[in-house]
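As structure tokens, the structure follows; a few thoughts come after it.
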Amino acid sequence: MAFERFLIRSRHGSVWYVRVYIPRHLRPLFHGRKQIKKSTGHTDKRQAGRAASIYWAQCQALFDDLDRHMAKKKKNSGSDTLRIDHAMTTDVFGRMHKFDWGGDKDPEAAKREQQAVEAVQRAALETLERHKDSPEIIKALVSSSSPTNVVDPNAPETVMTWDDLFARYETKEADRAANPSERLTQRTFDESQPYRNFWKEYFAGRDVHTIKRAEIEDIESWLQRIPASFTKKGITIERAIHLGKTGDHDHKRISGPTFNHYQRQLKGLLQYAHRLGIHRDDLSVCIRQKDKTLGKQFVRLPFTDDDMVLMFCGKNYTSNFGRANPKTPFAARFWVPLIAAFSGARMDEICQLRVADVKHDAPTGIHYLSIAGPDDSAADGMPKKIKNKNSIRPIPIHNTLVDIGFLDYVDTLRHTPDASLFGLTRAPDGKWGSPLSKWFTIKGDHANGFIERCGVVSIGELRDGKRWSKSFHGFRHAVVDNLRDKSKKLPDGSRIHAEDIALAVGHLNDDSADLETNNYGQGVDNLEHRRDVISLISYPSADFAAIRWPKTPNMPLIDSE
Numbered sequence: 005m006a007f008e009r010f011l012i013r014s015r016h017g018s019v020w021y022v023r024v025y026i027p028r029h030l031r032p033l034f035h036g037r038k039q040i041k042k043s044t045g046h047t048d049k050r051q052a053g054r055a056a057s058i059y060w061a062q063c064q065a066l067f068d069d070l071d072r073h074m075a076k077k078k079k080n081s082g083s084d085t086l087r088i089d090h091a092m093t094t095d096v097f098g099r100m101h102k103f104d105w106g107g108d109k110d111p112e113a114a115k116r117e118q119q120a121v122e123a124v125q126r127a128a129l130e131t132l133e134r135h136k137d138s139p140e141i142i143k144a145l146v147s148s149s150s151p152t153n154v155v156d157p158n159a160p161e162t163v164m165t166w167d168d169l170f171a172r173y174e175t176k177e178a179d180r181a182a183n184p185s186e187r188l189t190q191r192t193f194d195e196s197q198p199y200r201n202f203w204k205e206y207f208a209g210r211d212v213h214t215i216k217r218a219e220i221e222d223i224e225s226w227l228q229r230i231p232a233s234f235t236k237k238g239i240t241i242e243r244a245i246h247l248g249k250t251g252d253h254d255h256k257r258i259s260g261p262t263f264n265h266y267q268r269q270l271k272g273l274l275q276y277a278h279r280l281g282i283h284r285d286d287l288s289v290c291i292r293q294k295d296k297t298l299g300k301q302f303v304r305l306p307f308t309d310d311d312m313v314l315m316f317c318g319k320n321y322t323s324n325f326g327r328a329n330p331k332t333p334f335a336a337r338f339w340v341p342l343i344a345a346f347s348g349a350r351m352d353e354i355c356q357l358r359v360a361d362v363k364h365d366a367p368t369g370i371h372y373l374s375i376a377g378p379d380d381s382a383a384d385g386m387p388k389k390i391k392n393k394n395s396i397r398p399i400p401i402h403n404t405l406v407d408i409g410f411l412d413y414v415d416t417l418r419h420t421p422d423a424s425l426f427g428l429t430r431a432p433d434g435k436w437g438s439p440l441s442k443w444f445t446i447k448g449d450h451a452n453g454f455i456e457r458c459g460v461v462s463i464g465e466l467r468d469g470k471r472w473s474k475s476f477h478g479f480r481h482a483v484v485d486n487l488r489d490k491s492k493k494l495p496d497g498s499r500i501h502a503e504d505i506a507l508a509v510g511h512l513n514d515d516s517a518d519l520e521t522n523n524y525g526q527g528v529d530n531l532e533h534r535r536d537v538i539s540l541i542s543y544p545s546a547d548f549a550a551i552r553w554p555k556t557p558n559m560p561l562i563d564s565e
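Here the working numbering is used: the first residue of the sequence shown is 5, the next is one more, and so on.
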């Protein structure tokens, strides 16, 4: 047997493995397994020659010991089960040797057969020692370990390192994120990456089946003590784990939701290992998550009527926009908050719109914004991102936006249908709305965002000591609360139900998971129903009537305030 047959490399990485075939008659002792596969922990194939053969020899010595033990047991019991009528071994170079001098009948012959086996193994090892630095002779390298580790009664169906498991899991999750039919968006996949990388490093180099229940259960005790935002503080993952286990640090510890993020990713990896047969036990049952409200840093509050009055203050609306900034064009600052206030759409849903995404349905006369998913492209040619499948929806344009001049604004851009609707560009973090989000909510010693300049208090504390905040997402909460008003009725006189609100704002929950919320094309009645719901959004106290889009040529590309 040539060395090339047992030196292999994972398709997910560059680490070399050794593969040793188990003799057929010994496989019942190894739970029917045909081979032993073990990671070398090394990537250099040339170095692989010095000890791979040593490991091979250890395995063969183990097989020989088992042969002798079984032969002795057969002799003592008189049973014909697993009868061995010859001595056989494979030396460190993969060469098969068979000695049959009648040892099954003559004890002396059996002794000579065994002596011959030992002599062959000894001679091969001496040859290996003489040529240990010759790559022509030495073909594989494995880490030396005790042969007792080869026979593992708890061995899984497939032996795999954590690194290989992680690579396969990453590929699977990436494929899910790229599939619109899956309940995993690219954004969620990207945001959970740091938590997966944490476990990638923690278990690096381990054979998955060696991970024990006690180790997983112990994680809960130290994980909650690791420093919050440790990467931003220049702390490595290894150091963060050490600080968590010792608890010897003065840093703020991670919150309950962050703890859950770590646990959720580990749970997914362990479930995947069990499903593939890489670990016999489902260790994910040892993963416990905390109540998601415990340790939560902020409660996000909706904007009140008073907040709306302060932000949308008639003809002075643009007076609090602040200094010109090419990352947040005037058109974006003008329109994005208004659209959110009259649709409940998320910031990135609005910011990644192209000019062509403002559409008109001729049969109903309804103008709407087409919120699309990864199957559609943004202005930079890259796929759009959405939070969930119900985010894909048409949003009828509220009459208040039409009165302010939104359609007139769009008409000036129709000659560039694939351009960004508001002159925005994708930020380094992959989001279109990141710069605008900072402009809207930032609060600091030297600069304040739009809502703070308007007089809206964005951070505070409740009576129970829990802190609250208001951000752009407050528009979404405000719209939902606005539509829950019992006095508001649909054209047929019926009240607005939770399903109607979910359909309009793109919620995904137990009540709305089965709703039709894909792109328009499912029926005109659906679009009209959305229009009827959206049109009921109103803020009587705010002076929207005095807000007008300034009809200045090329306004979305300049900042003349």
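Beta carbons: idealized from backbone N, C-alpha and C, even for Gly.
Because the structure is a prediction, the values reported are computed rather than measured.
| Asked | Found |
| --- | --- |
| Buried versus exposed call for residue 421 [16 or more other C-beta atoms within 10 Å across all chains shown] | exposed |
| Of the residues 29, 162, 555, 488, the one placed nearest residue 542, counting alpha carbons only | 488 |
| Buried/exposed call for residue 38, threshold 16 Cβ in 10 Å | exposed |
| Bridge partners - residue 381, DSSP secondary structure assignment | 387 |
| Whole alpha helix (DSSP H) elements within the segment 357 to 444, 4-residue minimum | 403 to 408, 410 to 415 |
| DSSP-derived helix/strand/coil call for residue 321 | helix |
| Backbone CA spacing between residue 451 and residue 442 [nearest angstrom] | 11 Å |
| Residue 309 in three-state terms, based on DSSP | helix |
| Neighbour-count burial assignment, residue 531, 16 or more Cβ in a 10 Å radius | buried |
| Proximity to residue 242 [Cα-Cα], best of 494, 174, 207 | 207 |
| Distance between beta carbons of residue 213 and residue 283, contact taken as under 8 Å | 5 Å |
| Rounded C-alpha distance that separates residue 405 from residue 346 | 8 Å |
| Assigned exposure category for residue 250 - 16 Cβ within 10 Å defines buried | exposed |
| Close Cβ partners of residue 324 (< 7 Å) along its chain, the five nearest in sequence each way excluded | 454, 457, 458 |
| Three-state secondary structure assigned by DSSP to residue 163 | coil |
| Those runs of the alpha helix (DSSP H) which lie wholly inside the segment 485 to 513 and span at least 4 residues | 502 to 509 |
| Cβ-based neighbour list, residue 192, same chain, cut-off 8 Å, excluding 5 preceding and 5 following | 181, 391 |
| DSSP-derived helix/strand/coil call for residue 126 | helix |
| Residues near residue 253 by beta carbon distance below 7 Å, same chain, minus five either side | 231, 247 |
| Rounded straight-line distance, which links the Cα of residue 27 to that of residue 115 | 21 Å |
| Sequence-distant residues of the same chain with beta carbon closer than 8 Å to residue 423, five excluded per side | 358, 359, 383, 417 |
| Beta-carbon gap between residue 3 and residue 483 smaller than 7 Å | Any answer about residue 3 is impossible in this case: the structure gives the chain only from 5 up to 565. |
| Beta-bridge partners of residue 12, as assigned by DSSP | 21 |
| Exposure label - residue 548; buried when at least 16 CB within 10 Å | buried |
| Cβ-Cβ separation, residue 510 to residue 381 (assumed contact under 8 Å), whole Å | Not quite, the Cβ-Cβ distance comes to about 20 Å (not below 8 Å), so this is no contact. |
| Of the residues 505, 198, 485, the one placed nearest residue 536, counting alpha carbons only | 505 |
| CA-to-CA distance, residue 534 to residue 528, given in whole angstroms | With a pLDDT of 43 at residue 528, under the threshold of 50, the modelled position of that residue is not reliable, and the figure given next carries that caveat. Answer to the nearest angstrom: the Cα atoms are 10 Å apart. |
| Option in 412, 493, 205, 199 with minimal Cα separation from residue 263 | 199 |
| Three-way DSSP call (helix, strand, coil) for residue 271 in this model | helix |
| Close Cβ partners of residue 313 (< 6 Å) along its chain, the five nearest in sequence each way excluded | 545, 546 |
| Residues near residue 224 in its chain [Cβ-Cβ closer than 7 Å; skip 5 each side] | 292 |
| Under the three-state DSSP convention, the category residue 246 falls into | helix |
| One or two residues paired with residue 39 in a DSSP bridge | 25 |
| Beta-carbon proximity list for residue 490, same chain, < 8 Å, skipping 5 on both sides | 499 |
| Contacts around residue 237, its chain only, beta-carbon distance under 8 Å, and the 5 residues preceding and following it disregarded | 231, 255 |
| Candidates 388, 31, 501, 493: closest to residue 539 by CA position | 493 |
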